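Notes follow the structure.
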Amino acid sequence: MMSVNNTVTNTPNEYILSQQNQALFQENCQRSQNEQQLYIQWQYAVNGWQSANNEIIRLNSLMSDLQKQIDDLRINPSIGRPGTSIQVSTGSATPKSSRAGSPGPKKNGDTEYHTDEEELARETEWVRAKTKTKKRKLNTTPSPATPNNNKVNKFIVEKAKKEPLPPPIMVDDVKSYESLYQDMVSRIKDTVFQTKIINDKTIKINCINSEAYRAIIEILSSRGYSYHSYENKQTRLIRVMAKNLHHTCRPEGIIKELASKGYKINAAVNKLAWKNKTPLNMFMLFFENDENIEKIYGIKSILGCKVEIVPIKGTNLVPQCKRCQSYGHTIKYCCKQARCVKCAGKHLTEECRKSDKQEPKCVHCGENHPANYRGCVVAKEIQKIRNNKIQKNYNNKTINANNNNKNIGNKQTPAVQTENIKTKKPTYATILETNKEKGMDNKQNDNINQTLQLILNKITKLEKSVSNLNERVNKIESSIKKTTLNPKKT
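In case it helps, full-length UniProt numbering puts the sequence shown at residues 1 to 490.
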């Protein structure tokens, strides 16, 4: 392989090989791999130098032009005022109008300046315009805005209040579904209600409006069906509790005073204690369902007493009907066979002739206790089912809330998340809290170990005492055997 001289010339053409090496690369067709790579790099260097040289020439020309403009501005500063345009000409050009510079013909390559009068007039027009000297009068009665009937204001249009559906109707002891269906269809259409089979003898009826609900109630009552329903949310009264109102106040006086103040009150009932049924200084107030709830909670005094209006606390106890003694509904919406709470007979409790000294009988389990006893096996089982359902709903709500919080946290960009992870350093407070928690855990473990040790010590002591007792019992048995085998002679 022939040697190549890679010396760089001292001329301004830096990184270009000598003419001898160029001829060498052109004539020698058989080149090694290293020589071929060197030749390619040389071509790249030549092209880069040529582009850099052209850029340097362009920058030098611009610098010379700028230097000339700076010199002219030093001689005549009025050239650079606003409205005067400056043109730089590098070639031959005929002058339009000269306002600066030495007189005489211009040579090629000299800087030429001219002013465009029209452009100057447009830019300085705001200087020549006269300002108004009088103050603008204040318009105290603005003209009303012209109504635009084509556009609909979304904020004015309110959503229609959604009416709740009527409550379901539970029909018991159904002997023939076809006869029940024909009775309902004889009065109303089958499109306004829907039935669902709960079990062999119970049918659930759902209505789509209040008219159908009332019609079905009339049909069931007139035909003697055994059924029950629930409170209608469309006509349900607003119920609140008035605290700090003396129990001797008459409900009629409370209703009269609140009605005189413009409240749509329906009833007032004194609250009794749960165990001994003594009257409390609290009254349940019932208002119409279209009354303003904020206005109700704004009541501060009744009959001169300073009161506090609070919502009625709910209960998790399963309601029990005082007519049929069944669970899940109340007497107000029950049309089933009456059952006595004392003797389980098919009559109302008020009509029972059984004395208090005789033992009661439960309708549900047949034991010797009243039907409203919450310790009944059936009552406990129904209450357990209700509690499990409430707990399940609560757990579902908490899970959904946690998932929503996680989704909100995951909306951050990955960059922000990684930054938070990187920059999150434990502070002194967090370290102190972790140490406290560890200390508490250690103390709890020590206490547990101590109690376990005490228990073990007591067990060992008991084992020793038991072994001692066994020894004594064995001695007594042996002594008894000796006395029986060798009785003393009298």
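Note that the Cβ used here is the ideal one computed from N, Cα and C, for glycine as well. Here the structure is a predicted model, which means the values were calculated and not measured.
Under the assumption that residue i contacts residue j (Cβ atoms under 8 Å), give the Cβ distance between them as a whole number of angstroms.
i: L303; j: I255; result: Between I255 and L303 the Cβ distance is about 11 Å, and since that is not below 8 Å, they are no contact.
i: T235; j: N289; result: 6 Å
i: I219; j: I205; result: With 8 Å as the limit, I219 and I205 do not qualify as a contact, their Cβ atoms being about 10 Å apart.
i: F287; j: I296; result: 6 Å
i: residue 504; j: N400; result: In the structure displayed, the chain extends from 1 to 490; residue 504 sits before or after that span and is not available.
i: Y230; j: P164; result: The pair is not a contact, with the Cβ atoms about 12 Å apart (cut-off 8 Å).
i: M170; j: H247; result: With 8 Å as the limit, M170 and H247 do not qualify as a contact, their Cβ atoms being about 38 Å apart.
i: R214; j: D183; result: That pair is no contact at about 15 Å.
Among the residues of its own chain, which have a CB less than 7 Å from the CB of residue i, if the five just before and after it don't count?
i: E351; result: none
i: C324; result: C334, K336, Q337, A338 and R339
i: H364; result: A371, C376 and V378
i: S301; result: V307
i: K346; result: Q337, A338 and R339
i: G328; result: V318 and P319
Assign residue i to one of three DSSP states: helix, strand, or coil.
i: K271; result: strand
i: S479; result: helix
i: K461; result: helix
i: E367; result: coil
i: Q194; result: strand
i: K204; result: strand
i: E350; result: helix
i: D173; result: coil
i: Q358; result: coil
i: S301; result: strand
i: E308; result: strand
i: Y181; result: helix
i: S85; result: Its pLDDT being 47, under 50, S85 is placed unreliably in this model, and the coordinates cannot settle the point.
i: N474; result: helix
i: Y327; result: strand
i: Q337; result: coil
i: V157; result: No answer about V157 holds up, because its pLDDT of 47 lies below 50 and its placement is not dependable.
From this set, the options, which residue's C-alpha is nearest residue i's C-alpha?
i: Y225; options: V466, A52, Y181 and N209; result: Y181
i: L317; options: R374, Q325, Y297 and A401; result: R374
i: N232; options: L245, S210, P251 and V240; result: S210
i: C305; options: A242, E294 and K295; result: A242
i: A267; options: K275, I459, N276 and R250; result: R250
i: T191; options: S467, I399, I265 and A212; result: A212
i: C207; options: A52, N53, I385 and F193; result: F193
i: E291; options: S61, A259 and R58; result: A259
i: G314; options: Y394, S478, R239 and K482; result: R239
i: Q358; options: V310, C343, N387 and M282; result: C343
i: L237; options: K264, S229, R214 and T248; result: K264
i: G298; options: S326, N276 and K261; result: K261
i: C362; options: E471, K380, V341 and R353; result: V341
i: S326; options: I382, N468 and R386; result: I382
i: K175; options: I455, V466 and D200; result: D200
i: K196; options: Y177, K384 and K189; result: Y177
Once the 5 residues before and after residue i are set aside, which same chain residues still bring their CB inside 8 Å of it?
i: K461; result: none
i: L272; result: T278, P279 and L280
i: I421; result: Low local confidence applies: a pLDDT of 48 at I421 is under 50, so the model's placement there is unreliable, with the coordinate-based value given in what follows. Contacts found: none.
i: I312; result: R239, V240, M241 and M284
i: V269; result: P251, F283, M284 and F286
i: I390; result: N316
Would you say residue i reaches chain C, if we count a Cβ-Cβ gap shorter than 7 Å as a contact?
i: I203; result: Protein chain content of the structure displayed is limited to a single chain, and chain C is not contained in it.
Considering only residues of the same chain and omitting the five flanking positions on each side of residue i, which have a CB-CB separation below 6 Å?
i: D172; result: T202 and S226
i: I198; result: K204
i: N368; result: E359
i: N470; result: none
Segments of 3+ residues assigned as beta strand (DSSP E) that fall wholly inside the stretch 210-284 = 226-228, 238-243 and 265-272
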